[in-house]
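**Q**
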Amino acid sequence: MSASAYSCYIMWIVVLCSVEALEGEDLDRLHFCPEDDCCAPFCRCPSFQPPGELPVESTPQFVLLTVNGPVLNTRRYQQLFVQNFTNPNGAPIHGTFFVPLDTPETENDMVCDIYKHGHEIAVYLDAQVNTKTVNRKGDNMTFRSEFQQQQNLFEYHSGILHESIAGIRISDAHVDRRTIYDMAHDLFEYDSSYLSTWYDRLNASKPLWPFTMDYTPGGATGSHPGLWQVPIATLLLNNSRESMTPVQIYHTLTTGFLQHYKHNRAPFVMSIDSQWLNDSDELSLVLALFLTTLEKLNNVWCVSIHQMLQWMQSPISTSELMQYQPWEEDAKQSCI
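If you count by mature numbering (1 follows the signal peptide of the UniProt record, and there is no 0), then the sequence shown holds residues -24 to -1, 1 to 312, one letter each, in order.
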C-alpha cells in the first residue's frame, strides 16, 4: 500500500474527519456549568477530573473502539473483538458499532451476530446521505417520529430491541445539531460526534472526560439535560497530517493513548471506518499490535460506550472492576 493510502487510512482511524470540534466561544461556556446544580449520576459538568472523586491512580483507563459504517464482514470483527483480545477479567473486549440504517451494504444477520457477542449497536447518521433528516427545518415531533422509526428498523431487520439502541453519531459538522438533539435527547443516552481537538487549548496535558449537555459548551446546540457527550480523540503526529507508515501509525496510537493514560485517564475514544477494517490487512495488523500492547496493562479496559457510561454514573476503582455486574449482564445479549 502506498504512503498516501496509509495517510488516508490513519485519518479514518483517529479522526472522524467530518465531525465537529468545539472551538471559540464554546470554550468560554465550559465555565458556566454550576457543579452544585449538576450532580451525578444524571448530570456532569465538563471536567478534566475522573468521576466520583477517584484518584487517577485508582481510575481504570477505558479504550473505546468505535466503528462507523455498514457492517460488511464479521471476519475481522471476530479477529479483533472475539478471538484474540481480552480485558483484565478475562472477558473479550467490546466495542461500539455505529451502523447507518439505510445502506443496503449492511448485512443484518452480521449486525445481530456482533450484538450477541456483547458489542453495542448505535445509530450512525451520515449527513451526506440523510440530508433530508439532518438539514431541513420541521416540527420536533416529526423528527422524533423519524428517529423512533429508525430505531425500530434495527429491531425489525436485526432483531435488536429498539430500547437497546443508546447512542448516535453524526458525520457532518454543518448540520442543525440543535434540532437533532431536541428530538433525540430522550431517545438516546449519548452522542459521540464531537472531536476533542479543542481540549489542547484548555489544558495541554489533560483530555476532557465525557459530560452531559445540561449546560453544554456547544452554544449552538442548546441545553439537553441527561444527554451525554463522548468526545472522540484527535491524534496528530507532530501537529502534522503527513503520510504515515504503519510504524508511524502505531506510534501515533500509542502516543495518543499515553496522553490519556499518564495524565487523567479520560476515555480514549477511537473512531474507525468500517471500510478500513475490510480493505487493509496491514493496517488491521497495526491495530492488533496496538491492542496487544494494551492487553499487557492490568488497568486498561476495552469496553463499549454504554458500558463506560454505566461506570461513570456509578464509578468504582480498577480493583473492583473484575466482577462488575452490569457488564456481565451485557455479555448475555440476544436478538429477538
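Using N, Cα and C, we set each Cβ at its ideal position, and we do this for glycine too.
Since I281 contacts V223 with CB under 8 Å, what's their CB separation in whole angstroms?
**A** The Cβ separation is near 29 Å, so there is no contact.
**Q** Confirm, please, whether the CB-CB distance from T188 to G202 is below 7 Å.
**A** yes
**Q** Are the beta-carbon atoms of A209 and F164 separated by less than 7 Å?
**A** no
**Q** Skipping 5 residues on each side, what residues in its chain have a beta carbon closer than 6 Å to that of M288?
**A** Closer than 6 Å at Cβ, skipping near neighbours: P27.
**Q** If you drop the 5 nearest sequence neighbours on each side, which residues of the same chain put their C-beta closer than 6 Å to that of L129?
**A** L77
**Q** May I have the straight-line CA-CA distance separating C278 from Y91, to the nearest angstrom?
**A** In a straight line, the C-alpha of C278 is about 16 Å away from that of Y91.
**Q** DSSP on A16, reduced to helix/strand/coil?
**A** coil
**Q** Pull up the CB-CB distance for P68 and G94, whole angstroms please, since I reckon it's below 8 Å.
**A** Confirmed, about 7 Å.
**Q** Counting along the chain, where does the alpha helix (DSSP H) carrying M288 start and finish?
**A** I281 to Q289
**Q** Per DSSP, residue 368 is paired with what?
**A** In the structure displayed, the chain extends from -24 to 312; residue 368 sits before or after that span and is not available.
**Q** Assess, as a yes-or-no matter, whether the stretch 294 to 305 is touched by the stretch 24 to 39 under the definition of 3 or more beta carbon pairs within less than 8 Å.
**A** yes
**Q** Does DSSP classify E1 as helix, strand or coil?
**A** Only weak support exists for where E1 lies, its pLDDT of 43 falling under 50; the coordinates are left without a value.
**Q** Are there 16 or more other CB atoms within 10 angstroms of the CB of residue 331, so buried, or fewer, so exposed?
**A** Since the first residue of the chain shown is -24 and the last is 312, residue 331 is not available in this structure.
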